[in-house]
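A.B. asks: Structure below; questions to follow.
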Amino acid sequence: MKPVDVGIYEKDGKYYTLNLIPGQDVYGEELVEEEGFEYREWDPNRSKLCAFLEKEGSIPIQPDMDILYLGAGDGTTASHMSDIVTEGKIFALEVAREPFRNLLSLSKDRRNIFSIMADARNPERYEEIVGKVDFIYQDISQKDQTEIFLKNLRFLKEDSIAIIVVKAKSMDVSRSPEQIYEEVEDKLGKEGYDILLKTDISHRQKDHAMIVIEK
């Protein structure tokens, strides 16, 4: 295994994280043992954060970070975050009942994941649970996804980074994805956030880009 970032490895063109709970897979991913350690394959077709890693070569996550993950789904990406963030906490928010059941089950084994069933449009309802975090990651398919992101940036510490996964066709099917991405960047910039990077991940997820901001 070749280290490519903190807690992330590469072998034969595939990405892996060191399994926090050896012997357990989460979504049918391959488990690989090497030199006494077990690694979980991280599939960029199943995880947009891994698609970002594939394009950029790194992700802005460290082992001691507290993370707010908006739209965590059934926990596929959150589980790999859990492998990396061994000294921090992941507040994983999901509103849909069925994925949340899987997420809740995952958090029973992975003690650094704290599952929250809530609508990300109402951050005041989980404000006391989350507090301030080092990193925010949002992956929500809604027309108002930018506004949801802005509401939740209240939780981000100063000089910290957040990523929004922009799903262009969820916002407006009548305009090009590039127009949507520019609009999102403009809204975030007008609110005083620095746009650090825009990464198109259409090679894995059609009409998707990820925008990285700093508070």
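The working numbering numbers the first residue of the sequence shown as 2 and each following residue consecutively. Backbone N, C-alpha and C fix where the C-beta goes; we use that ideal spot for every residue, glycine too. These numbers come from a predicted model, not from an experiment.
For L151 and L189, I'd like the C-alpha separation in whole angstroms.
C.D. replies: 8 Å
A.B. asks: Looking at the strands, I want to know which residues DSSP matches up with S116.
C.D. replies: A93
A.B. asks: What would DSSP say about M172, mapped onto helix, strand or coil?
C.D. replies: helix
A.B. asks: Could I get the ranges of all uninterrupted alpha helix (DSSP H) runs contained in the segment 26-106, with 4 residues as the minimum, in chain order?
C.D. replies: Entirely contained in the segment 26-106, the alpha helix (DSSP H) runs reaching 4 residues are, in chain order, 49-57 and 77-85.
A.B. asks: Quick check on the burial criterion: 16 or more other C-beta atoms within 10 angstroms. Buried or exposed for S108?
C.D. replies: buried
A.B. asks: Roughly how many whole angstroms lie between the Cα atoms of R122 and G74?
C.D. replies: Distance between the alpha carbons of R122 and G74: 16 Å.
A.B. asks: When you compare only the Cα positions, how much space is there between M1 and N20?
C.D. replies: In the structure as shown, the chain begins at 2 and stops at 216. Residue 1 is therefore absent and cannot be evaluated.
A.B. asks: E128 to S116, Cα distance in whole Å?
C.D. replies: Their backbone Cα atoms lie some 14 Å apart in a straight line.
A.B. asks: Identify every run of the beta strand (DSSP E) within the segment 162-206, keeping only runs that are complete inside it and at least 3 residues long; order them along the chain.
C.D. replies: 195-201
A.B. asks: Could you round the C-beta distance between R111 and S80 to whole angstroms and report it? I think they count as a contact, below 8 Å.
C.D. replies: 7 Å
A.B. asks: If I follow the unbroken alpha helix (DSSP H) through I214, where does it start and stop?
C.D. replies: Note, I214: premise wrong, no alpha helix (DSSP H); beta strand (DSSP E) at H209 to E215.
A.B. asks: Measure the C-alpha to C-alpha separation of R102 and D140 and round it to an integer number of angstroms.
C.D. replies: The alpha-carbon atoms of R102 and D140 are separated by roughly 18 Å.
A.B. asks: Could you please give me the residues that DSSP links to D160 through a beta bridge?
C.D. replies: According to DSSP, D160 bridges with nothing at all.
A.B. asks: Apart from the five residues just before and just after E57, which ones in its own chain have a Cβ nearer than 8 Å to its Cβ?
C.D. replies: L198 and T200
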